[in-house]
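As structure tokens, the structure follows; a few thoughts come after it.
In the numbering used here, the protein residues as written are 19 to 268.
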């Protein structure tokens, strides 16, 4: 990977600002150390052409560790499998059961409000990261590396720890992420930070270090998304077979 592989696109780069369109984002930003004063929104193009086998060697065991930590937390703290969205729905149903209000659909108003907040946040977030790279997931990887890792070469160990925790907590803004994912995501943030710090020590270039961490981050997301699709497909197949009364072919 060389610096020549980086480019800023056809337009003048805009100043980078940490996202603050969610209460979870604002709390995460308070945990973070100060950002570098000369950050800019980068354009890296299509990251897929830069994927290497070594990225998968890091992503696969990291994802396995993620699932193991999630399972351990659910076993030790059963209610950690709840998310902000499910808590809102449960609160609405609890209120309905307690009050016996005849218009039961109104119990879903809090959940509807959460949905509107999510829709508004996603719209803002897409607008903010659209120049980060070609493709939404590529853009998100670049943005999150700038947000939580860029400048960490000048942070203390305590500040780096806070950044990792902040990275895990910020994902709660998705609303459907269970609380048991905060710690595993913080671990992922630590791995991405090590990649960033290793590359900047070697190349002394922040943009290239952001790209190096973003590549590992993007491949990790790619593997995680593939696993999620396979798991969802299995569950759907299981439901269809059970609904039709057929037997499994194996």
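Using N, Cα and C, we set each Cβ at its ideal position, and we do this for glycine too.
Quantities reported herein were computed from a predicted structural model and do not represent experimental measurements.
Asked	Found
C-alpha distance - residue 249 paired with residue 82, whole-angstrom precision	14 Å
Cβ neighbour criterion (16 or more within 10 Å) applied to residue 258	exposed
Spatially closest choice to residue 193 from 41, 215, 236, by CA coordinates	41
Of the residues 181, 199, 239, 220, the one placed nearest residue 86, counting alpha carbons only	199
Expected contact under 8 Å - CB spacing of residue 84 and residue 202 to nearest Å	4 Å
Own chain partners of residue 228 with C-beta closer than 8 Å, once the 5 adjacent residues on each side are dropped	60, 160, 163, 164, 167, 168, 214
Continuous alpha helix (DSSP H) stretch holding residue 98: start and end	Per DSSP, residue 98 belongs to no alpha helix (DSSP H) and is neither H nor E.
For residue 37, the nearest candidate out of 220, 172, 191 (CA to CA)	191
Euclidean distance between Cα positions of residue 73 and residue 186	21 Å
Buried or exposed (CB count within 10 angstroms, at least 16 for buried), residue 79	exposed
For residue 98 and residue 197, believed in contact at Cβ under 8 Å, the rounded distance	5 Å
For residue 262 and residue 65, the rounded distance between their alpha carbons	43 Å
Pairwise C-alpha distance: residue 108 and residue 220	50 Å
Rounded C-alpha distance that separates residue 183 from residue 68	28 Å
Backbone secondary structure at residue 39 - three-state DSSP	coil
Coarse secondary structure for residue 256, derived from DSSP in three states	helix
Alpha helix (DSSP H) segment containing residue 186, residue limits	175-188
Beta-carbon proximity of residue 238 to residue 77, cut-off 8 Å	yes
Residues of its chain near residue 46, where Cβ-Cβ distance is below 7 Å and the 5 sequence neighbours each way are ignored	184, 187, 188
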